[in-house]
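S.K.: Going by the numbering used here, the sequence shown opens with residue 4, and the numbers climb by one from there.
We put the CB at the ideal spot given by N, CA and C, even for glycine.
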Amino acid sequence: MAHRYLQRAGYAVIARNYRVSGGESEIDIVARHEDIVVFVEVKARSGSEYGSPDRAIGPQKQKNIVRAARRYATRAGLEWSQVRFDTISIVLGDPPSLVHQQDAFFEGRAI
Numbered sequence: 004m005a006h007r008y009l010q011r012a013g014y015a016v017i018a019r020n021y022r023v024s025g026g027e028s029e030i031d032i033v034a035r036h037e038d039i040v041v042f043v044e045v046k047a048r049s050g051s052e053y054g055s056p057d058r059a060i061g062p063q064k065q066k067n068i069v070r071a072a073r074r075y076a077t078r079a080g081l082e083w084s085q086v087r088f089d090t091i092s093i094v095l096g097d098p099p100s101l102v103h104q105q106d107a108f109f110e111g112r113a114i
């Protein structure tokens, strides 16, 4: 669902479930939007009774995502100033809802 949403919004999805060696970090979606490479964390829940799904992306999870993104950027020869971190929260209701938060976390990201 998140992949389709991003494509319809004009993003080119480069990779899904990108995992660095050692397996401690994973990036759900790596996409390009204009001149920015976007690392997207997707969280889905069956309901919203415990708040927005993106609330589960705490400081340690963010640190792991940034670590994986740095390795990806280094391998791809990307300038760190050209990356951004987004979240997509999905609540699987009837109908499902999707919220895309651009520039969700990390100081020093691209604007």
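Under three-state DSSP, which class holds Ile114?
M.R.: Here residue 114 refers to the residue found at position 111 of the sequence shown. Note that Ile114 scores a pLDDT of 47, beneath 50, so its modelled location is shaky and nothing firm can be said.
S.K.: According to DSSP, is Ala15 helix, strand or coil?
M.R.: Locating residue 15 in the sequence shown gives position 12, counting from the first residue. Looking at Ala15 - three-state DSSP - the assignment turns out to be strand.
S.K.: Output the residue ranges of the alpha helix (DSSP H) runs that lie fully inside the segment 58–92 and measure 4 residues or longer, sorted by chain position.
M.R.: 62–79
S.K.: Start and end of the beta strand (DSSP E) containing Leu101?
M.R.: The residue you call residue 101 lines up with position 98 of the sequence shown. Residues 100–104.
S.K.: Considering only their Cβ atoms, is the gap separating Tyr14 from Ala71 smaller than 9 Å?
M.R.: As a position in the sequence shown, residue 71 is number 68, starting the count at 1. As a position in the sequence shown, residue 14 is number 11, starting the count at 1. No, they are not a contact pair.
S.K.: Which whole-angstrom value describes the C-beta separation of Val102 and Phe42, a residue pair presumed to lie in contact below a C-beta threshold of 8 Å?
M.R.: Here residue 102 refers to the residue found at position 99 when the sequence shown is read from its first residue. Here residue 42 refers to the residue found at position 39 when the sequence shown is read from its first residue. In fact, because the Cβ distance is near 17 Å, the residues do not count as touching under 8 Å.
S.K.: For Glu29, is the classification buried or exposed, using 16 other Cβ atoms within 10 angstroms of its Cβ as the cut-off for buried?
M.R.: Reading the sequence shown from its first residue, position 26 is the one you call residue 29. Per the 10 Å Cβ criterion, exposed.
S.K.: May I ask you to list the residues that DSSP assigns as paired with Tyr21?
M.R.: Within the sequence shown, numbered from 1, the residue matching residue 21 stands at position 18. Note: Tyr21 sits in a beta bridge opposite Ile30.
S.K.: From Arg74 to Tyr8, what distance separates their C-alpha atoms?
M.R.: As a working note, residue 74 is residue 71 in the sequence shown. As a working note, residue 8 is residue 5 in the sequence shown. Distance between the alpha carbons of Arg74 and Tyr8 is about 26 Å.
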